[in-house]
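Trainee: Residue numbers (full-length UniProt numbering), protein chains in the order written: chain F, 1 to 291; chain V, 1 to 291. Using N, Cα and C, we set each Cβ at its ideal position, and we do this for glycine too.
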DNA sequence: CATGATATCTGACTTTAGTCAGATATTCTC
DNA sequence: GAGAATATCTGACTAAAGTCAGATATCATG
């Protein structure tokens, strides 16, 4: 019996290796080598640029070329030169290719549904999977500047508000807080960042331009699955860089005592506590940072 | 943005596929094809029967034979006929093979340590990995009858007591409870079962023989990572079968109101509530079941 | 102890994956 | 517009994985 951290990690690794192998096996059931199946799936998932498929699947150019040719012969994909650069090629699925892709999707989905349905607490299992996936994909988390009114941004804000409602003693109602109007978080006045892990939004932060001589940091949120990865700091650093770009020389923020991790992070990254600078009912702590 | 259960599962699957692939790549760094590396690792982990290696790695007999021959030529393994059956062969690592196995282990361990050290809350990540692994390995959970004084049994009992201490209002102290002496949970008087998931103990239950005309079910525990898999029911069913074997015609148990999942499970599987039948200070509920 | 089943081995294959050096067409840069 | 860089393609390979039909030795069973 060995229950040290490394043994537990490796038990996990063995378990998922079996699972991955089983999925590969079921893919082979469609009578096509794995390499070709992977290309169909990449194209189906929207990766159409041949060079990008090659990069993602780590394929030699010769091998890629032959896989494309064989899929073309099967009538599953069609290739055309890239509109902007005739050296490149793009691939898209034909109708038959779409059907084949759907069949692969069905295999994957069936495995997922079976496992989830067999578990007595699917949400708990999924939360664990989210956490593990975020940790494994740690280095691939991408920060993107987005419109705060976009779906992804609004999803993050919704999760943020839900969490505040849970953590604040008296709950939280956005309407009582000074809700920054969206345009204050769009260039040139401000900005809004969303962090994506394999296309799942896992964090956000906003820079709100004000009429005063400072800008404010608002809505810093990290998904539970992505905590412990240093993402808050990364978002703040990027936001500060954007603020500098916009000519901001002083940043301020307010926060609540129910968020001690955030407060500790601010203190450790150059923020100093100041007097209350607004009359918002929720915050207990106020910070500023010169840029 | 797609956050339905199946999409979340599949994000997880993509993340671990990358991780598994990366480990395979690092294994190739030792200048040996993956097939051969897998055999070394299987033998190193104690799977010595050639037929069993073949079954686990799903290898054709011809392929297996050639892999063994090439590893023998490299001086990494030695094969001998199986002591009980001269048709079979067993493989073991030579000193050089042990060294090579250790090198593979070091590669795996390094990956594990790196990922764990990068995470801000390693225990939370490991708990998630345990949960996912237990779910994926669901069908491979093995029940073994063991001595309640063995390391594995005592680990389970320790976790069980810790959990009671957390969940009971006034804590829990084994000494105040009627601690069944171990021999009462060993045949022919009783029995003790431990559930293993890939050699990790994830549950237990004891059958305690008494001087009265009934036996008692004691110490039913399921590891947090293995909850929701129907394991409690499986343990109870096996224990009831053993009780019947031992000629027991009536089972009793007591439990505490802080364990509602267990109480619900008893009610759903043929147990009926009865009057208090002992003076143990902890239980609030008493059940029996005729066999 | 004959018969059928089992486990491994050998030889002769095929398929899949991966590598590499040039050929071709296009784009970028000075 | 010449020359370097880029993306793909083709041909000629090698390595690895997988398949399959027998051969051999042993075991299990009546």
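In chain F, what lies closer than 8 Å to residue 71 (chain V) by C-beta?
Mentor: The premise fails here: residue 71 (chain V) is roughly 21 Å from chain F at the closest Cβ pair, so nothing lies under 8 Å.
Trainee: For residue 248 (chain V), which of helix, strand or coil comes out of DSSP?
Mentor: It is coil, neither helix nor strand.
Trainee: Do the CB positions of residue 290 (chain V) and residue 250 (chain V) come within less than 9 Å of each other?
Mentor: For residue 290 (chain V) and residue 250 (chain V), yes; Cβs fall inside 9 Å.
Trainee: Could one say the Cβ of residue 278 (chain V) lies closer than 9 Å to chain F's Cβ atoms, at least one of them?
Mentor: No, its Cβ sits nowhere closer than 9 Å to a Cβ of chain F.
Trainee: Identify the contact partners of residue 265 (chain F) in chain V, using a Cβ-Cβ distance below 9 Å as the criterion.
Mentor: None at all; the shortest Cβ gap to chain V is about 11 Å.
Trainee: Residue 252 (chain V) and residue 285 (chain V) - do their beta-carbons sit closer together than 9 Å?
Mentor: Going by C-beta atoms, residue 285 (chain V) is not nearer than 9 Å to residue 252 (chain V).
Trainee: Taking residue 8 (chain F) as the query, report the chain V residues whose CB atoms sit under 7 Å from its CB, ordered along the chain.
Mentor: Here the neighbours are 126, 129 and 130.
Trainee: With 16 other CB atoms within 10 Å as the buried threshold, where does residue 99 (chain F) fall?
Mentor: Residue 99 (chain F) is exposed by the Cβ-count criterion.
Trainee: Do three or more CB pairs link the stretch 110-122 of chain F to the stretch 5-14 of chain V at distances below 8 Å?
Mentor: Touching, yes, given that three or more Cβ pairs across the two stretches are closer than 8 Å.
Trainee: Applying the 10 Å Cβ sphere with the 16-neighbour rule, what's the burial state of residue 199 (chain F)?
Mentor: Result: exposed.
Trainee: Leaving out five residues before and five after residue 57 (chain F) in sequence, what residues of the same chain have Cβ atoms less than 6 Å from its Cβ?
Mentor: So the list reads 38, once near-sequence residues are dropped.
Trainee: How about residue 16 (chain V) and residue 136 (chain F): are their beta carbons less than 9 Å apart?
Mentor: Yes, Cβ-Cβ distance for residue 16 (chain V) and residue 136 (chain F) is below 9 Å.
Trainee: Residue 170 (chain F): which of F:77, F:243, F:43 and F:257 sits nearest, CA to CA?
Mentor: It is F:257 whose Cα lies nearest to the Cα of residue 170 (chain F).
Trainee: Since I believe residue 94 (chain V) is in contact with residue 75 (chain V) (beta carbons under 8 Å), could you give me their beta-carbon distance rounded to a whole number of angstroms?
Mentor: Confirmed, Cβ separation roughly 6 Å.
Trainee: Quick one: is residue 274 (chain F) buried, meaning 16 or more other Cβ sit within 10 Å of its Cβ, or exposed?
Mentor: Under this definition residue 274 (chain F) is an exposed residue.
Trainee: Which residue's Cα is closest to the Cα of residue 43 (chain F): F:214, F:223, F:227 and F:72?
Mentor: Considering only alpha carbons, the answer is F:72.
Trainee: Strictly below 9 Å CB to CB, what residues from chain F border residue 120 (chain V)?
Mentor: Going along chain F in sequence order, the residues near residue 120 (chain V) (Cβ under 9 Å) are 227, 228, 229 and 230.
Trainee: Alpha carbon to alpha carbon, how far is residue 25 (chain V) from residue 156 (chain F)?
Mentor: Taking the straight line from one Cα to the other gives about 36 Å.
Trainee: If you reduce the DSSP assignment to three classes, tell me which class residue 27 (chain V) lands in.
Mentor: DSSP places residue 27 (chain V) in helix when its eight states are reduced to three.
Trainee: Taking the beta strand (DSSP E) that residue 205 (chain V) falls in, what are its first and last residues?
Mentor: Where residue 205 (chain V) is concerned, the enclosing beta strand (DSSP E) stretches over 200-209.
Trainee: Residue 138 (chain V) touches chain F at which residues, Cβ-Cβ below 9 Å?
Mentor: Residues of chain F passing the Cβ test: 115, 118 and 119.
Trainee: To the nearest angstrom, report how far apart residue 278 (chain V) and residue 223 (chain F) are at their CA atoms.
Mentor: Their Cα atoms are separated by approximately 49 Å.
Trainee: Could you please tell me which residues of the stretch 21-36 of chain F, in chain order, have their CB closer than 8 Å to any CB of chain V?
Mentor: Residues 23.
Trainee: Between which two residues does the beta strand (DSSP E) containing residue 81 (chain F) stretch?
Mentor: Here the beta strand (DSSP E) through residue 81 (chain F) covers 77-82.
Trainee: For residue 215 (chain V), name the three-state secondary structure that DSSP assigns.
Mentor: In this structure, residue 215 (chain V) counts as strand in the three-state DSSP scheme.
Trainee: Could you work out which residue in V:103, V:219, V:281 and V:184 is closest to residue 262 (chain V) when comparing CA atoms only?
Mentor: The shortest Cα separation from residue 262 (chain V) among V:103, V:219, V:281 and V:184 belongs to V:219.
Trainee: Helix, strand or coil for residue 292 (chain F) per DSSP?
Mentor: This structure cannot speak to residue 292 (chain F), because chain F is shown only from 1 to 291.
Trainee: Under the three-state reduction of DSSP, which class applies to residue 17 (chain V): helix, strand or coil?
Mentor: Here residue 17 (chain V) sits in helix by DSSP.
Trainee: If you draw a straight line from the C-alpha of residue 45 (chain V) to the C-alpha of residue 102 (chain V), how long is it?
Mentor: Each residue's alpha carbon lies about 11 Å from the other.
Trainee: Do residue 133 (chain F) and residue 225 (chain F) come within 9 Å of each other at the CB atom, strictly closer than that value?
Mentor: Going by C-beta atoms, residue 225 (chain F) is nearer than 9 Å to residue 133 (chain F).
Trainee: Which one or two residues does DSSP pair with residue 194 (chain F) in a beta bridge?
Mentor: The partner list for residue 194 (chain F) (beta bridge, DSSP) reads F:144 and F:204.
Trainee: I'd like to confirm the pairing. Which residues does DSSP put opposite residue 289 (chain V) in its beta bridges?
Mentor: For residue 289 (chain V), which the question treats as bridged, DSSP gives the partners V:251.
Trainee: So which residues on chain V does residue 236 (chain F) lean against when the C-beta distance must stay under 8 Å?
Mentor: The contacting residues do not exist; residue 236 (chain F) stays about 15 Å from chain V at best.
Trainee: With DSSP as the reference, identify every bridge partner of residue 94 (chain V), one or two as the case may be.
Mentor: Bridge partners of residue 94 (chain V): none, in fact.
Trainee: What residues are listed by DSSP as bridge partners for residue 89 (chain F)?
Mentor: BP columns for residue 89 (chain F) point to F:81.
Trainee: If you draw a straight line from the C-alpha of residue 202 (chain F) to the C-alpha of residue 52 (chain F), how long is it?
Mentor: Spanning the two alpha carbons is a distance of roughly 24 Å.
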